[in-house]
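Asker: Note that the protein sequences, when read in sequence, are chains A and B.
With the first letter of the first sequence counted as 1, position 123 gets the number 123 in my numbering; the numbers rise by one all the way through.
To convert, count from 1 in the second sequence and add 206; that's my numbering.
No residue lacks a Cβ here, since even glycine has one placed at the ideal position from N, Cα and C.
The structure presented is a predicted model; accordingly, all values stated were derived computationally and were not measured.
Protein chains: 2
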Amino acid sequence: MRLQFQVAVQTQDIAGRDRVDQVLHSAARLFREKGYGAASMRDIAGEVDIRPSSLYHHFPSKQHILFAICNGFQRDFNLDVLAQLSPDRAPEDAIRAAIHRHIVFSNRRWTDVLVTWRERRSLPREQQATINALRRQYRDALAVVVERGCREGVFEVPDSKLAAMAALDMVNGLVQWFKPRDERDLQLTATRYADAVIGLLRGWEG
Amino acid sequence: MRLQFQVAVQTQDIAGRDRVDQVLHSAARLFREKGYGAASMRDIAGEVDIRPSSLYHHFPSKQHILFAICNGFQRDFNLDVLAQLSPDRAPEDAIRAAIHRHIVFSNRRWTDVLVTWRERRSLPREQQATINALRRQYRDALAVVVERGCREGVFEVPDSKLAAMAALDMVNGLVQWFKPRDERDLQLTATRYADAVIGLLRGWEG
DNA sequence: TTAGCTGCCGATCGTTCGTTCGGCTCCTGC
DNA sequence: GCAGGAGCCGAACGAACGATCGGCAGCTAA
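(1) When you compare only the Cα positions, how much space is there between residue 20(A) and residue 59(A)?
(2) Quick one: residues in its chain with C-beta nearer than 7 Å to the C-beta of residue 249(B), no 5 flanking neighbours on either side, listed in chain order?
(3) Residue 199(A) touches chain B at which residues, Cβ-Cβ below 9 Å?
(4) Report buried or exposed for residue 297(B), applying the criterion of at least 16 other Cβ atoms within 10 angstroms of its Cβ.
(5) Taking a Cβ distance cut-off of 7 Å, strictly less, list which residues of the region 169 to 183 of chain A are near chain B, in chain order.
(6) I'd like the span of the alpha helix (DSSP H) that includes residue 312(B), first residue to last.
(7) Would you tell me roughly how many angstroms separate the C-alpha atoms of residue 312(B) and residue 283(B), rounded to the nearest one?
(8) What residue does the alpha helix (DSSP H) around residue 82(A) start on, and which one ends it?
(9) Starting from residue 241(B), find everything on chain A with Cβ-Cβ shorter than 8 Å and list it in chain order.
(10) Tell me, please, whether the CB atom of residue 370(B) is closer than 8 Å to any CB atom in chain A?
(11) Report all residues from its chain with a CB closer than 7 Å to the CB of residue 32(A); omit the five preceding and five following residues, and keep chain order.
(12) Considering only residues of the region 113 to 197 of chain A, which uninterrupted alpha helix (DSSP H) runs meet the minimum length of 4 residues and lie entirely inside it, listed in chain order?
(13) Could you have a look at residue 239(B) and say whether DSSP puts it in helix, strand or coil?
(14) Report the three-state DSSP secondary structure of residue 229(B) (helix, strand or coil).
(15) So for residue 253(B), helix, strand or coil by DSSP?
(16) Enumerate in chain order the residues of its own chain whose CB-to-CB distance from residue 303(B) is below 6 Å, with the five nearest sequence positions on each side excluded.
(17) Can you give the Cα-Cα distance for residue 386(B) and residue 307(B), rounded to whole angstroms?
(18) Taking DSSP as the reference, what is the three-state secondary structure of residue 14(A)?
(19) Is there contact between the region 386 to 403 of chain B and the region 337 to 345 of chain B, where contact requires at least three CB pairs shorter than 8 Å?
(20) Would you mind telling me which residues of chain B sit closer than 7 Å to residue 143(A), beta carbon to beta carbon, in chain order?
(21) Quick check on residue 52(A): does DSSP put it in helix, strand or coil?
(22) Please tell me whether residue 247(B) and residue 261(B) are closer than 8 Å, where the distance is taken between their beta carbons.
(23) I'd like to know whether the C-beta of residue 391(B) is nearer than 8 Å to at least one C-beta of chain A.
(24) Keeping to the same chain, check which residues put their C-beta closer than 7 Å to that of residue 351(B); ignore five residues upstream and five downstream.
(25) Which whole-angstrom value is the C-beta distance of residue 163(A) and residue 201(A), which I expect to be below 8 Å?
(26) Consider the Cβ of residue 211(A): report whether some Cβ of chain B lies at a distance smaller than 8 Å.
(27) Which chain A residues sit within Cβ distance under 9 Å of residue 331(B)?
(28) Please state whether DSSP places residue 64(A) in a helix, a strand or coil.
(29) Taking Cβ positions only, does residue 364(B) come closer than 8 Å to chain A?
(30) Is it the case that the Cβ atoms of residue 171(A) and residue 138(A) are separated by a distance below 8 Å?
(31) State the DSSP-derived secondary structure class of residue 59(A), mapped to helix, strand or coil.
(32) Does DSSP put residue 245(B) in a helix, in a strand, or in coil?
(33) Label residue 169(A) either buried or exposed according to how many other C-beta atoms from any shown protein chain fall within 10 Å of its C-beta, with 16 as the threshold for buried.
(34) Note down, in chain order, each residue of its chain lying with its Cβ closer than 7 Å to the Cβ of residue 366(B), except the 5 sequence neighbours on either side.
(35) Less than 8 Å between CB atoms is the rule here; does residue 402(B) satisfy it with respect to chain A?
Structure below.
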């Protein structure tokens, strides 16, 4: 009876989304609002309207929920953004496109961004390393393009790895506080920041 | 006897620093390493070699320890950095000096930087507001100088508040991961980042 | 029909946490 | 010499936490 009711609500309300996705979605929101440590399994269970013990049917522990959120986001992020940095593209175009995507994608998944950024270090060392590897992959790919731009004479920076970090810090800072008024505001700001990064890479007098 | 021994060690080892400072110092390091939630009063007490209950002789609660760390740092930070942004200084010089100080000061108190940045939101709303007000004061002061630079024609940015945020995010990103090899490395990087910010403010094609 | 799996539940375990309290020992001011 | 505060202690309290376990309903395949 209860189950039938839940299924009925489910198919109407949150259309086919299964329990695992419901848990990940609610947990991410709670982790963002209260922090990983302060959000309890009881809180998460309450959000998806099941009992705390039932959570362990889908996830072996609280940490696995956090890891699923962080790793899922970072994997999707790299799939979307890293593709912009292909080697057969002019360095300027590639970086401009990557920064733009970086901002737009991060805005679309703002909760995951904040959780991954803030709560990652609550994970065990090994799972942290998995996610850090994905982040490093992005950073290194960006640094390679910067390096290439320097060799081609379109960029001029004192240190390409430092420049990549500076650009990423600037953009990662933005996506944490920026809440666009509408889609046009988002697109405009993404383009402006892409401009800023290109300007930085061209005008960093060493 | 025990107390006399402690005093003897104290005056030799950590020269006149009293219990309150010892607690703040140890707590900050623990909050940085384990996070505010995961670092317990028992951990802090163990670090300064007293019993947990004795902590409440100096601080009314754990949150007051965190607030003392964050507020103390941000107050000192503003005293040091904000002074560089005086109105009778050329915008370029003022910002260059402020960014340089920002980086050098943050490096000197790296632990406080990370704790203030990451754990601030564990504070009650009112205490958060106190610290946020200090941060906003710095950000606004920087935006004012950027605005002045734009009117004087030395800067060209699409939005002076957005530009100030971009510059601050870049620098705040740096101070969180940057560990200089030595004093020369610190000074060099601080100067380079000051250059980068000036370059950004001059070359942000709107 | 029935064995077995999935999803869920109530009850509860053991641990850790922040905090409180009464009392002890020094040191200082009167 | 004595009152009183500062500093510290051991013991313990109540609450919250992550996680476990046995069992129950409903669905599915043999």
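Answerer: Concretely, from the data shown:
(1) Locating residue 20(A) in the first sequence gives position 20, where the first residue counts as 1. Locating residue 59(A) in the first sequence gives position 59, where the first residue counts as 1. So the alpha carbons of these two residues sit roughly 8 Å apart.
(2) On the second sequence, residue 249(B) is found 43 positions in, with the first residue counted as 1. Taken in chain order, the residues that qualify are 236.
(3) Translated into positions along the first sequence, residue 199(A) becomes position 199. Near residue 199(A) (Cβ distances below 9 Å), the residues of chain B are 405, 406, 408, 409, 410, 411.
(4) Mapped onto the second sequence, residue 297(B) falls at position 91. Buried: at least 16 other Cβ atoms inside 10 Å.
(5) 169, 170, 172, 173, 174
(6) The sequence position of residue 312(B) within the second sequence is 106, counting from 1. Residues 297 to 314.
(7) By one-based count along the second sequence, residue 312(B) stands at place 106. By one-based count along the second sequence, residue 283(B) stands at place 77. Taking the straight line from one Cα to the other gives about 8 Å.
(8) Stepping through the first sequence from its first residue, residue 82(A) is reached at position 82. Per DSSP, residue 82(A) belongs to no alpha helix (DSSP H) and is neither H nor E.
(9) Taking the second sequence and counting its residues from 1, the one referred to as residue 241(B) is at position 35. 37, 121, 122, listed in chain order.
(10) On the second sequence, position 164 is the one that residue 370(B) refers to. No, no contact with chain A.
(11) If you number the first sequence from 1, residue 32(A) lands on position 32. Once the five neighbours on either side are set aside, the close Cβ partners of residue 32(A) are 111, 114, 115.
(12) 125 to 151, 160 to 177
(13) Along the second sequence, one-based indexing puts residue 239(B) at 33. It is helical.
(14) Here the question's residue 229(B) lines up with position 23 in the second sequence. Here residue 229(B) sits in helix by DSSP.
(15) Here residue 253(B) corresponds to residue number 47 of the second sequence, with the count starting at 1. Correct three-state label for residue 253(B): helix.
(16) In the second sequence, the residue the question calls residue 303(B) occupies position 97. So the list reads 290, once near-sequence residues are dropped.
(17) The residue given as residue 386(B) occupies position 180 in the second sequence. The residue given as residue 307(B) occupies position 101 in the second sequence. Using only the alpha carbons, I get a separation of about 15 Å.
(18) For this step, residue 14(A) is matched to residue 14 along the first sequence. In this predicted model, residue 14(A) has a pLDDT of only 42, less than 50, meaning its place in the structure is not dependable; the value taken from the coordinates is given anyway. Residue 14(A) falls in the coil class under three-state DSSP.
(19) no
(20) As a working note, residue 143(A) is residue 143 in the first sequence. Correct list: empty, because the minimum Cβ distance to chain B is about 14 Å.
(21) As a first step, residue 52(A) must be located in the first sequence, where it is residue number 52. Helix, per DSSP.
(22) Mapped onto the second sequence, residue 247(B) falls at position 41. Mapped onto the second sequence, residue 261(B) falls at position 55. Taking 8 Å as the Cβ cut-off, residue 247(B) and residue 261(B) qualify as a contacting pair.
(23) Within the second sequence, the letter at position 185 stands for residue 391(B). By this cut-off, residue 391(B) is not an interface position.
(24) Mapped onto the second sequence, residue 351(B) falls at position 145. Here the set comprises 291, 297, 300, 301.
(25) Here residue 163(A) corresponds to residue number 163 of the first sequence, with the count starting at 1. Here residue 201(A) corresponds to residue number 201 of the first sequence, with the count starting at 1. Their Cβ separation, rounded to whole angstroms, is 6 Å, which keeps residue 163(A) and residue 201(A) in contact under 8 Å.
(26) The question about residue 211(A) has no answer here: the residues shown for chain A are numbered 1 through 206.
(27) On the second sequence, position 125 is the one that residue 331(B) refers to. Under the 9 Å cutoff, chain A gives no residues; its nearest Cβ is about 13 Å from residue 331(B).
(28) In the first sequence, the residue the question calls residue 64(A) occupies position 64. Helix.
(29) Mapped onto the second sequence, residue 364(B) falls at position 158. True, the Cβ-Cβ gap to chain A drops below 8 Å.
(30) Here residue 171(A) is taken as the residue at index 171 of the first sequence, counted from 1. Here residue 138(A) is taken as the residue at index 138 of the first sequence, counted from 1. Not a contact, by the Cβ cut-off of 8 Å.
(31) By 1-based counting over the first sequence, the position of residue 59(A) is 59. If DSSP states are grouped into helix, strand and coil, residue 59(A) belongs with coil.
(32) Here the question's residue 245(B) lines up with position 39 in the second sequence. Residue state, collapsed to three classes: coil.
(33) Here the question's residue 169(A) lines up with position 169 in the first sequence. Buried, since its Cβ has 16 or more Cβ neighbours within 10 Å.
(34) As a working note, residue 366(B) is residue 160 in the second sequence. Result list for residue 366(B): 349, 352, 353, 356, in chain order.
(35) Numbered from its first residue, the second sequence carries residue 402(B) at position 196. By this cut-off, residue 402(B) is an interface position.
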